[in-house]
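Okay, structure first, notes after.
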Amino acid sequence: MPQQVRGVVALAEGEPVTVETIIVPEPGPGEAVVAIQACGVCHTDLHYRDGGINDEFPFLLGHEAAGIVESIGDGVADLAPGDYVVLNWRAVCGACRACRRGKPQYCFDTCNAEQAMTLEDGTVLSPALGIGAFAEKTLVAAGQCTKVNPEAPAQVAGLLGCGVMAGLGAAVNTGQVGRGDSLAVIGCGGVGDAAIAGAKLAGAITIIAVDTDPRKLTWAEEFGATHTCNARETDPVEFIRSVTDGYGADVVVDAVGRPETYRQAFFARDLAGTVVLIGVPTPDLMAPEIPLIEYFGRGGALKSSWYGDCLPSRDFPTCIDLYLQGRLPLDKFVTETIALDQIESAFDKMRAGEVLRSVVLLDPARS
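For the sequence shown, my numbering begins at 59 and goes up steadily by one.
Printed below as a string of structure tokens:
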């Protein structure tokens, strides 16, 4: 029997989001309905609202979520009603060329629910990243549900669904930061700070935070930055070299995704060092002009990080365990908790750099 729930919808490009009645169908084969307990407000949701992803309006926003499996469809073997899960948007298929090569973290054919959620008048909704979790309940592919320890509050567990995992994974999985290494992060919002937290976990000795906002640099120190650089006042390339014996960092993460920050990352790394791009560029931006000899002469690697190159079934439970052990401060990412009808205000605060994460609470008992 289909259910009616409240959800946050972007009806048209650039218009304020609204809380609408959403029709959630019964789960079909390979699907699950999840009662959402908490969902983080991510920049990607704003990109959807502003038409920066595609034009498949209306969108059911929200994707950084945790909740309880309410029901499952036929053929779902490893999930049951009552399971506590973090939702992911890269549910691996197990059959594409990446999966067959034993690299499911790069799955090229990830799974989403086959059925559509709709508005009351039957208008089909496009769920953000195949999830649509700014809603009391949502329909997803069963593979998008990753079981984690239920002792972790939903408002922190859900953050692994996007921003925290993207940043932490960029440092640890993509950049492969290790013991004794140096890391520089350009752009210290939630994703950049997650890269800093990941580097600290991995044993990096020198962790450099670069931003133009003093408030964000203070936050970065709380996550483990050993040095900070205000790029409005100091050349970040020269600063990074100055605190790495003149060589540059072993790994530099660009969490902004602009030509000028990518150029800084390129020249701020050590010879044979690694640049990791995790900030999402807009389609109009072009790569910076860098002499080809610089690519050859510096060696190393230039990488882009997809979702922190994570494997949710492996990485989400591990990160939750690290949080419960007091080693991964997920709670520090939560600046405020809000209701469904406060998302436009959260977008404004995010643009102004006033928050790391606003988190929508749909079940306050799980906060």
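Each residue gets a CB set at the ideal place from its N, CA and C atoms; glycine is no exception.
Ends of the alpha helix (DSSP H) at residue i?
i	result
Asp-379	370-382
Ile-351	350-356
Asp-406	401-409
Val-483	The chain is shown from 59 up to 425; residue 483 falls before or after that span and cannot be answered.
Ala-156	155-158
Ala-278	272-281
Name the one or two DSSP bridge partners that residue i has.
i	result
Asn-146	Per DSSP, none; premise fails for Asn-146.
Phe-117	Ala-68, Ser-184
Val-417	Gly-98, Thr-395
Ser-362	Leu-335
Thr-176	Ile-81, Val-182
Glu-291	For Glu-291, which the question treats as bridged, DSSP gives no partner whatsoever.
Cys-203	Leu-145
Thr-76	Val-67
Glu-89	Ala-199
Cys-169	Ala-149
Distance check for residue j and residue i, CA to CA, integer angstroms please.
i	j	result
Asp-367	Gln-61	35 Å
Asp-399	Thr-76	7 Å
Glu-209	Glu-128	18 Å
Arg-64	Ala-93	12 Å
Thr-393	Gly-133	40 Å
Ala-186	Gly-120	6 Å
Thr-376	Asp-303	34 Å
Phe-297	Cys-287	7 Å
Ala-289	Ile-396	32 Å
Gly-433	Asp-328	The question about residue 433 has no answer, for the chain in this structure spans 59 to 425.
Ser-240	Gly-131	47 Å
Arg-155	Arg-148	15 Å
Phe-391	His-105	20 Å
Pro-162	Ala-224	16 Å
Ile-265	Leu-259	11 Å
Gly-219	Ala-123	6 Å
Thr-340	Val-268	21 Å
Leu-380	Ile-244	25 Å
Ala-278	Gly-188	31 Å
Gly-337	Gly-315	4 Å
Arg-321	Ala-215	34 Å
Val-12	Gly-125	The displayed coordinates of the chain run from 59 to 425. Any statement about residue 12 would go beyond what the structure contains.
Glu-89	Thr-270	44 Å
Asp-5	Glu-318	Because the chain is modelled from 59 through 425, residue 5 falls outside the range shown and cannot be assessed.
Ala-439	Leu-420	Nothing can be reported for residue 439, as the shown portion of the chain is limited to 59 through 425.
Val-426	Ala-345	Here the chain covers residues 59 to 425 and nothing more, so residue 426 does not appear.
Leu-69	Pro-116	4 Å
Pro-139	Asn-231	32 Å
Asp-251	Ser-363	15 Å
Are the CB atoms of residue i and residue j nearer to each other than 8 Å?
i	j	result
Leu-226	Gly-256	yes
Ser-371	Val-99	no
Val-301	Val-333	no
Lys-274	Gly-411	yes
Ala-326	Gly-247	no
Ala-153	Ala-171	no
Gly-203	Leu-137	As written in the sequence, residue 203 is Cys, which differs from the Gly given in the question. For Cys-203 and Leu-137, yes; Cβs fall inside 8 Å.
Pro-74	Gln-173	no
Ile-111	Leu-183	no
Cys-157	Cys-169	no
Lys-205	Val-295	no
Ala-96	Val-418	yes
Asp-108	Glu-71	yes
Phe-1	Ile-351	This structure leaves residue 1 out entirely; the chain is present only between 59 and 425.
Ala-283	Ala-253	no
Met-428	Gly-190	Outside the displayed range of the chain (59 to 425) lies residue 428, so it cannot be described from this structure.
For residue i, report the span of its beta strand (DSSP E) as first-last.
i	result
Gln-62	61-68
Glu-128	122-130
Cys-287	285-288
Val-333	327-335
Leu-197	195-199
Thr-264	264-269
Asp-312	307-312
Quiz item: Which runs of the alpha helix (DSSP H) spanning at least 4 residues fall entirely within the stretch 205-255, listed in chain order?
Solution: When DSSP assignments are scanned along the stretch 205-255, the uninterrupted stretches of alpha helix (DSSP H) that are 4 or more residues long and fall wholly within it turn out to be 212-215, 221-227.
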